Structures are given as structure tokens and as C-alpha cells.
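In what follows, a single structure is set out as C-alpha cells and then discussed.
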Amino acid sequence: MRALRSAGPIFLVLAVLLVLIAVANPFFLEPAGFLAFVKRAAPLVILAAGQYFVIVSGEFDLSVGSLVTVQVVVAARLIEGDEAATWPVLALLLALGLLVGLVNGVITTGLRVPSFITTLGMMLVLSGAVFLWTGGAPRGALSETFRMFGRKDLGPVPWSVLILLVVGTAAILLMRSDFGKRLIATGDNERAAALSGVRVGRTRVLAFVVSGLAAAVAGILLGGFAGVSAQVGQGLEFQAITAVVLGGVVLGGGRGSVVAAMAGAFTLEALFTLLNLHGISGALEYAVQGVIIIAAVAAGAVRLPLRRAARV
Amino acid sequence: MTARERLRLARPPAASVPAEPAAAARRGGVLSGRIGSTQVIYLALAGVMLVGWALVALDGGDFLTLETIVGIQQRSAALGIVAVGQTLAILAGSLDLSVAYLISLTSLVAAEIMAGQDSGIVPAVAAVLAVSALVGLVNGLVITRLHVHAFIATLGTALIIRGVVDHLYDGPAGSVPESFQRLGYDRLGPVPVSALLWAAVAVAAWFLLRRTRLGYRIYAVGGDEEVARLSGVRTGRVIVATHVLCSVCAGIAGLLLAGRLGAGAPTVGTDGGYDLESIAAVVLGGTALAGGRGGVPGTVGGVLLLAVLDSVFNQLEVNAFFKDVVRGVVIVVAVAGYARRTVRRRSR
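So the sequences go chain by chain: E and G. Sequence positions in the first sequence follow my numbering and run 2 to 313. Sequence positions in the second sequence follow my numbering and run 62 to 409.
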């Protein structure tokens with residue numbers, strides 16, 4: 002109940018934005034129009050869910066953008082348009098996401114490198130390695146089966162919406178489990194958590210693994226939706242972190258819910274949609290986005306002291 | 062409380078400044094206690110130069126030529142200036158992700174106002190300093206007054222600047238007169254003018270941190286904001302001041318890059334990756350990302366280390382993407398090294 006109350010503002014903002022979109026574009030109210038929006042938002046929402054796990058444990062993951070690029074470029078190079086290669090490559094991509102998360106987590110917790118630096122280094126290594134391998138430009142092609150997840154529908158519902166539902170449900174269940182409680186305890190007060198028997202390091206490593214896996218899934222969806230390019234993941238790490246913070250999750254850890262983080266990603270996507278509908282040019286879109294992000298986070302922060310006082 | 066008493070309170074406890082030899086000696090005794098993180102980065106720098114020299118020699122080249130050394134200085138000047146500014150923000154426990162777009166913006170402001178005329182230089186420099194100080198002020202006030210985390214506040218500012226720059230410019234614009242381009246290319250003997258500019262900025266920042274009241278307060282606020290506040294430091298003002306100085310450094314880098322390019326360019330800041338790269342250089346130099354520990358000499362060493370690596374790879378004609386991989390590994394390994402030392406020291 003308390004989680005719902007603290008996450009309240011983001012749902013209000015999201016509702017207002019959705020109404021504004023519907024006013025500007027009535028097609029949005031039809032199932033097809035709305036599902037198209039959810040489909041477009043799915044990769045960012047999944048990334049934000051993964052990033053939430055890392056942020057709530059008190060860390061950052063800056064490597065997810067380049068990980069998405071790596072996923073798409075590697076998939077294209079390995080599949081080369083061959084249908085038969087699709088499923089093994091999909092499995093490989095998930096394993097790659099898991100491995101990257103594991104390395105991020107182990108370096109951060111084991112070697113005590115700040116996660117900002119660990120994942121920044123990972124970002125450099127990943128983007129350098131993948132282009133080293135492909136010689137500078139992405140090569141190869143994705144198969145139709147691979148692209149199905151990002152762009153095709155199962156009956157009336159897009160595949161990506163279904164995948165989002167599964168991932169979202171999994172994230173919520175995970176946060177309700179013992180692991181979720183340990184994660185929040187770790188982010189809130191590492192020492193207290195450790196003293197009450199939480200294996201802090203292991204918990205954080207798992208958070209990074211979840212984020213890596215989420216990036217793998219988002220990469221698979223984006224590859225299908227947007228196609229193969231070297232820019233596909235650019236800036237996604239900042240968008241994901243922004244979405245999580247918009248959802249009222251505190252940088253530094255310990256506070257906020259995963260549902261609100263996903264709602265933050267929907268809000269960001271709704272904002273892009275609305276700006277497009279009103280014909281605000283691509284460039285000024287960034288400026289408006291910047292103002293709104295600062296304003297939204299400031300509005301959230303200003304209320305915080307009152308809320309804390311009320312709880313005491 | 063008199064100003065002097067407050068200053069004494071604001072001075073950080075010796076233990077939080079491991080670079081101070083006296084404090085380190087008192088604490089430990091053996092080798093790991095006596096060598097501060099600044100010395101480590103210079104030892105690493107010497108090591109990389111030695112290995113680089115050997116590798117280039119094996120490859121049949123000559124690393125330690127005047128040309129290489131001038132090249133290293135020139136390449137590192139812009140990043141060095143930004144990183145010195147970033148050091149101030151990070152020491153105060155903050156960070157600035159808006160520097161890259163600010164560099165693009167100020168390069169355009171400079172080149173547009175100069176418009177190829179010598180008479181435009183003074184107004185252009187003044188305008189760049191004013192614009193960058195204003196951006197820093199906004200960053201600082203959003204962080205301290207609106208309580209927005211520095212990460213989000215400066216990311217938001219970066220987006221705003223990006224929107225404005227992208228909206229107004231598609232490509233290079235303005236023109237820098239030849240006399241100002243000297244800033245980018247001329248040298249006095251073996252020393253490039255740009256390196257002198259970097260040295261001047263670094264010395265000024267070092268002086269600020271080590272010899273002025275504001276400097277002590279920056280360490281105090283970064284070390285523990287609440288303790289600093291209770292000791293009578295106006296922590297908000299200190300953080301705002303570091304952001305203004307950090308942005309002004311980015312503005313100076315913008316001027317330098319405009320001088321080198323002969324024009325302003327909307328992508329010069331982001332292409333150089335000055336935001337994350339400057340943070341990496343600061344941390345590589347031994348400054349703690351959480352604030353309160355480290356300093357300018359370390360940052361200078363960190364930037365030089367990155368530049369020497371770059372130079373060695375250029376001479377060996379290593380693939381550009383491989384360079385990124387190595388750079389990522391070096392940064393993580395170096396920081397892991399510091400973390401180990403800190404843990405060992407604390408456990409004593």
C-alpha cells in the first residue's frame with residue numbers, strides 16, 4: 002500500500018499524457034492504436050525493469066545500451082538470414098546477457114569498483130569488441146523468425162506485448178520474493194542488511210544478471226522492430242535510468258517499486274509520442290524532454306521530506 | 062563563530078586525504094601506506110610509457126620523439142581541461158554529465174561571435190565564459206535547491222543543450238580568425254600553447270583546492286555533507302560553485318577545440334566523449350567517485366595515462382576498436398587496484 006502511494010505521481014502523469022495523446026489522435030483509443038504504443042514502448046519498459054533491480058540495490062548499469070547494440074549486431078552476423086540458426090542464436094544472446102551481467106556484478110562487488118566505472122568500462126569493451134569483430138559496420142541479416150518477436154502479431158496482440166507481460170509479471174514476482182526483500186534491504190542500508198544475514202554481494206550480482214538478461218530481451222525486440230544498425234542501443238542506458246528515476250525510484254537505492262519504474266518508461270515513451278503528434282521537431286524534442294525530466298524529478302524530491310516526516 | 066574558526070572546522074580530517082604524505086605515514090608505515098594514490102598513477106604512467114616505448118621499439122619505431130610527446134600534450138589538453146573541472150564537481154560529491162554538449166555549444170558560440178574577425182575574440186571569450194558559468198549555475202541550483210540527483214539534473218541540462226544545438230545547427234558554423242587558431246596549433250619551443258593552457262587551468266584548480274577556503278570546503282562537503290553543514294559550511298553554495306567552475310572549464314575546452322577546428326561544431330563535444338571520458342579520467346587518477354578524496358595532480362596523471370596509451374596504439378597502428386576495449390579494461394583494473402588498497406588500509 003505504501004509503495005502504491007509513493008508511486009502515485011507517476012501514474013497520474015502517465016494518465017494525463019495518455020489522455021492528451023488520445024485527444025490529439027483518437028486512433029489511440031482503439032485497441033490496435035493502443036497496442037501499437039505498448040509495442041513501441043516494450044523494449045524500454047523491459048530495460049527499465051532490469052535497470053530498476055540494479056538501481057534499487059544502490060548501483061548503476063551504464064552498459065545496457067551498448068549491450069543492446071552488441072546483441073543486434075551479433076545476431077545479424079551469426080544468423081546471416083538463416084532460419085535454422087534463429088533459436089540457437091536466441092539462446093546464445095540470452096547467455097551473453099547473463100554473462101555480461103555476471104561480470105559487471107562480480108567486478109563491482111568482488112573488486113569493489115564503483116558500478117558507474119565497471120559498467121562504463123564494460124560499455125567501452127562491448128562496443129569496441131563487437132566492432133572489432135565485425136570490422137566497423139554491422140554485417141549479415143536477421144531471419145524472419147527472429148524479427149517476428151519485434152514486429153509481428155500473435156492474433157490481435159503483438160508478440161512484444163506478450164513478452165512484456167511475461168517479463169513484467171516475472172519482475173513483480175521476483176520483487177515479492179525473498180530475493181526482492183533482500184535487494185531492497187541491500188540498497189537501503191548495506192551494513193544493516195549484511196548484519197541481518199543478507200549475502201549483499203550475491204544479491205547485487207543477481208541484480209546485474211537480471212539487468213543483463215533484460216537488455217538481451219530488449220535487444221531481441223529492438224532488432225526485430227528497428228532492424229540492424231550500429232546505433233540501435235545508443236543512449237538507451239540513460240533513457241532507462243531516467244525512466245526508473247521518473248518512476249520515483251531513488252538513485253542510491255532502497256526505495257521505489259518495479260511497477261512504478263516500468264510506468265516511468267511508459268511515461269517517457271508517451272512523452273515522445275505526444276511531442277511527435279504535436280509536430281515538435283526531433284531536435285527540440287530533446288530540450289523539452291530535458292525540462293520535463295528535471296521538473297518531474299524535482300517535483301518528486303520536494304515532497305519527500307513531508308512524506309518521511311509523516312511516516313515517523 | 063569567526064570566519065577562521067569556521068575554516069578550521071571545514072578543513073577535512075587528515076585521514077580523508079590519503080595523498081598527504083604525513084597523514085599516510087602516521088597511518089601505516091609499510092610501503093602501501095606511504096604511497097598515495099597520486100604516486101600510484103604516476104608510477105603507472107611511467108610503467109605504461111616504458112612498456113609503450115619497448116613495444117614501439119620492437120616494432121621498429123621510436124616512441125620518445127619530440128613529435129610524439131608534443132602529440133600527447135596536444136591530444137590531452139582538451140580532455141585534461143574538462144577533467145580538471147570534473148574533478149572539482151566529483152570531489153564535492155557531485156558529477157557533471159552535461160560537459161560534452163556544453164563544449165559543442167561553446168565552440169559554436171565562440172566561432173559565431175568571432176566570425177573570422179580578430180576584433181571578435183574578446184567578446185567571444187567573454188560570451189563563452191558567461192554561457193558556461195550560467196549553465197553551471199543552473200546545474201548547481203537544480204541539484205541543491207530542487208534536490209534533483211546530479212546524475213539526472215546534468216543529464217537533463219545535457220538534453221536541453223542538445224535540443225537547442227541540434228535545432229539551430231546541422232553542421233560546422235562560424236569561423237575562427239587565424240590569430241585565435243594559434244591557441245590550437247602553436248607551440249613555444251617543445252611545449253604546445255594548448256598544453257600551457259591546460260597546465261594553467263590545472264595549477265589554478267590545484268591552488269583553489271589546497272590553498273583556499275573554498276578548496277577545504279569542497280573536500281569537507283564531499284567527505285560528509287551533513288558533517289560539513291553542521292560545521293557551518295554552506296554546503297549548497299559550495300556545490301553550486303564547483304558546478305560553475307566545472308562548466309567554465311568545459312567552456313575553455315570549447316574555445317580550444319573551436320581554435321583547433323577553425324569553426325564551431327555541433328558534435329565536437331559528443332564525438333570526443335568528453336562526459337564519460339572525463340569522469341573516467343578523474344577516477345583513474347585516484348579521486349573517489351563518492352567525493353572527498355583525491356585531487357588535481359591525480360587527474361592530470363589519469364589524463365596523461367589515457368593519452369600515452371592512445372599514442373602507443375597509434376604508433377603500433379592498432380585497430381581503433383581494440384583501443385576502446387583496452388581502455389575499458391585499463392580503467393576498471395586501475396580502479397579495482399585503488400579499491401583493494403583502500404580496503405587493506407581501512408582494515409588496519
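We treat Cβ as the ideally placed atom computed from N, Cα and C, and that holds for glycine. Just so you know, these numbers come straight off a predicted model, no measurement behind them.
Nearest to residue i (by Cα), restricted to the options the options
i	options	result
L15 of chain E	E:S212, E:L174, E:G265, E:G225	E:G265
V167 of chain E	E:I80, E:S197, E:I108, E:I47	E:I47
A172 of chain E	E:A42, E:L21, E:V259, E:V218	E:V259
G250 of chain G	G:I130, G:W114, G:A368	G:I130
A215 of chain E	E:K40, E:F29, E:V69, E:G34	E:V69
G293 of chain G	G:Y277, G:V262, G:V252, G:V254	G:Y277
F239 of chain E	E:I294, E:V104, E:V114, E:V101	E:I294
F212 of chain G	G:I221, G:N200, G:R354	G:N200
L91 of chain E	E:G202, E:E286, E:G224, E:V233	E:G224
L257 of chain G	G:G181, G:G347, G:R136, G:A176	G:R136
Within chain E, partners of residue i - CB distance below 7 angstroms
i	result
A289 of chain G	What A289 of chain G touches in chain E: nothing, since even the nearest Cβ is about 18 angstroms away.
V344 of chain G	I118
L337 of chain G	L121
Any C-beta of chain E under 9 angstroms from that of residue i
i	result
L383 of chain G	The residue asked about is misnamed: residue 383 of chain G is Phe in this sequence, not Leu. Chain E, which has a Cβ nearer than 9 angstroms to the Cβ of F383 of chain G, makes this yes.
H304 of chain G	no
S93 of chain G	Unreliable positioning characterises S93 of chain G in this predicted model, as indicated by a pLDDT of 42, which lies under 50. The coordinate reading is nonetheless provided below. False, the Cβ-Cβ gap to chain E never drops below 9 angstroms.
G90 of chain G	Per-residue confidence for G90 of chain G stands at a pLDDT of 37, beneath the threshold of 50, marking its modelled position as unreliable; the derived number appears in the next sentence. It does not; no Cβ of chain E falls within 9 angstroms.
G154 of chain G	no
L216 of chain G	yes
A261 of chain G	no
R87 of chain G	Unreliable placement is indicated for R87 of chain G, whose pLDDT of 38 sits below 50; no coordinate value is reported for it.
L377 of chain G	no
D227 of chain G	yes
Interface partners of residue i on chain G, CB under 8 angstroms
i	result
E286 of chain E	G224
V289 of chain E	G224
L252 of chain E	H210, F212, I213
A299 of chain E	V203, L207, H208, V209
Same chain, Cβ closer than 8 angstroms to residue i, five either side skipped, listed in chain order
i	result
E84 of chain E	S144, E145, T146
S392 of chain G	Here residue 392 of chain G is Ile; the residue named in the question, Ser, does not match the sequence. So the qualifying residues of the chain are A341, V344, L345.
R206 of chain G	G297
V298 of chain E	V246, L247
G334 of chain G	A161
G352 of chain G	I151, L152, A153, G154, S155, V282, G283, G284
N190 of chain E	G255
Neighbouring residues, chain G, relative to residue i (Cβ below 7 angstroms)
i	result
S128 of chain E	D385
F132 of chain E	F382
L112 of chain E	A397, A400
Any non-hydrogen atom of the ligand GTP within 8 angstroms of residue i CB
i	result
L125 of chain G	Of the ligands one can find in the structure shown there are none, so the ligand GTP has no counterpart to examine.
Spatial neighbours of residue i in its chain, beta-carbon cut-off 7 angstroms, leaving aside the 5 residues before and after
i	result
L350 of chain G	I151, V344
L116 of chain G	V373, L377
S193 of chain G	L163, T167, S308, V309, A311, G312
M110 of chain G	V369
A324 of chain G	A172, P233, A234, G235, S236, V237
V379 of chain G	none
Interface partners of residue i on chain E, CB under 9 angstroms
i	result
L350 of chain G	P115, F117, I118
A341 of chain G	I118, L121, G122, L125
Proximal residues of chain E, C-beta to C-beta of residue i below 8 angstroms
i	result
L220 of chain G	Y287, A288, Q290, G291, I294
V237 of chain G	Result: empty, since nearest Cβ-Cβ is about 24 angstroms, beyond 8 angstroms.
L149 of chain G	By Cβ distance, chain E contributes nothing, its closest Cβ being about 18 angstroms from L149 of chain G, past 8 angstroms.
D371 of chain G	Near D371 of chain G there are no residues of chain E at all, since even the closest Cβ is about 13 angstroms away, more than 8 angstroms.
Amino acids of chain G, ordered along the chain, whose beta-carbon sits closer than 9 angstroms to that of residue i
i	result
M123 of chain E	G389, V393
I108 of chain E	V393, A397
Contact set for residue i: own chain, Cβ-Cβ below 6 angstroms, skip 5 residues either direction
i	result
R183 of chain E	V199, T204
A144 of chain G	S339, A342, V343, T360, V364
R321 of chain G	G245
C-beta neighbour in chain G for residue i, strict 9 angstroms
i	result
G51 of chain E	no
L175 of chain E	no
P10 of chain E	no
L63 of chain E	yes
G283 of chain E	yes
G280 of chain E	no
G137 of chain E	yes
Self-check item: Runs of alpha helix (DSSP H) wholly within the region 82-154 of chain E (minimum 4 residues, chain order)
Solution: 87-111, 116-135, 145-152
Practice problem: Please go through the region 24-75 of chain E and give each complete alpha helix (DSSP H) segment of 4 or more residues, from N-terminal end onward. | Solution: 32-57
Quiz prompt | Uninterrupted alpha helix (DSSP H) stretches inside the region 265-316 of chain G (no shorter than 4 residues) | solution = 274-284, 286-291
Self-check item: chain C contacts from the region 223-250 of chain E (Cβ-Cβ distance under 8 angstroms)
Solution: Of the protein chains in the structure, E and G, none is chain C.
Practice problem: Would you list, in sequence order, the uninterrupted alpha helix (DSSP H) runs of no fewer than 4 residues that lie entirely inside the region 95-164 of chain G? | Solution: 98-119, 127-152
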